[in-house]
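What follows is a single structure, written as structure tokens, with notes after it.
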Amino acid sequence: MSRLYLRCVICSRQQADGLISGASWGRLELPAGAVMDHPALVGSTVRACPSCIGGDPHWQHRALTTLGISAEGFSVRIEPAG
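In this note's numbering, the protein residues as written are 352 to 433.
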């Protein structure tokens, strides 16, 4: 049986997925029409680890920049950690 991992889109940290550990990670839904291949991308959602979201109130923009997407002109749905 394969183990599922969370991977941070910003720093590439990898952690085993679980109810407790996954709840502290930030989630960011990508803009409609964004198509890409990235290890942190699951469906149309990327995750950011607690270290990256805790130190930067604008982590969503850093996540998009990491993926090569400009936040300008896009409506981005941001789901808070927890």
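Think of the CB as a built atom: it goes at the ideal place given N, C-alpha and C, for glycine as much as any other residue.
Bear in mind the structure is a predicted one, so any value in this text is a computation, not a measurement.
Annotation: C362 to G394 spans about 19 Å, alpha carbon to alpha carbon.
Taken through DSSP and simplified to helix, strand or coil, R364 comes out as coil.
Excluding the 5 residues flanking it on each side, C403 has same chain C-beta neighbours closer than 7 Å at C359, I361, C362 and W410, in chain order. Per DSSP, the beta-bridge partners of A399 are G377. For L357, the uninterrupted beta strand (DSSP E) segment begins and ends at Y356 to R358.
Between the beta-carbon of I420 and that of P390 there is about 16 Å, and that puts the pair past the 8 Å contact cut.
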